[in-house]
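The letter at position 34 of the sequence shown is residue 34 when you use UniProt numbering, and the numbering goes up by one with no holes.
See below for the structure under consideration.
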Amino acid sequence: MKDRAEKNITFLYIKLTQVQLRVSYKANEKHILNCEGFVFNIPSLEYHEHTWTWLDLFMQIKKDCIKLLLQQLIVQKFAVKNTAKEKSASVEGSSASEKEKLDYEKAQKLLGLSRHRAAHSRTSPVVKT
């Protein structure tokens with residue numbers, strides 16, 4: 001029990017800056033998550049006052065990155081489908097840009113893309129307990 005307690009670290013403030021990655025993934029021939037050259041933007045991530053082990057910290061970062069990847073991938077897939085629908089709708093004479101804007105707003109609400117970030121702190125990033 002003492003050994004386990006010694007591994008815990010209190011992180012007062014951790015900030016990971018924005019990173020842009022290029023992701024390629026292929027599961028099957030016609031799988032919805034297939035993507036090639038997908039540009040994945042990881043926004044700045046902040047964690048305040050958590051007591052974790054190093055493994056817990058990295059697992060939380062992994063969890064947040066996977067969640068963001070899926071959100072951005074779904075939004076991109078909807079955008080690709082909407083552009084195809086827009087081309088067919090423009091031929092018919094309907095306002096496709098309004099439909100695309102509504103679909104994008106629905107996707108934002110569904111995925112919860114607007115987030116409130118906590119205020120910055122001037123304390124030491126790592127305090128070992």
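The beta-carbon is built from N, C-alpha and C at its ideal position, and this holds for glycine as well.
* Confirm, please, whether the CB-CB distance from Thr53 to Ile14 is below 8 Å. => no
* To do: Go through its chain and collect everything with a Cβ distance to Phe38's Cβ below 6 Å, but skip five positions before and after it.
  => Val23
* Asked: Considering only C-alpha positions, which residue in the set Gln18, Asn41, Leu45, Asp56 is nearest to Leu70?
  -> Asn41
* Just the Cα atoms here: how many angstroms apart are Ile74 and Asp3? -> 43 Å
* Should Leu45 and Leu16 be called a contact, given that it needs their Cβ atoms to be closer than 8 Å? -> yes
* Using only alpha-carbon positions, find the residue among Lys26, Pro43, Lys30 that is nearest to Glu36. => Lys26
* On a CA-only basis, which of Gln72, Phe58, Pro43 is nearest Val19? Give me that one, please. => Pro43
* Can you name, in chain order, every residue of its own chain whose Cβ lies under 8 Å from the Cβ of Asp64, other than the five neighbours on each side? -> Leu45
* Asked: Is any heavy atom in the ligand PLP found nearer than 7 Å to the beta carbon of Glu100?
  -> Among the components modelled here there is no ligand, and therefore nothing to report on the ligand PLP.
* Collapsed DSSP secondary structure at Lys101 in the structure displayed -> helix
* Host beta strand (DSSP E) of Lys26 (start-end) -> Premise fails: Lys26 is in no beta strand (DSSP E) and is neither H nor E.
* Asked: Less than 8 Å separating the beta-carbons of Leu68 and Phe11?
  -> no
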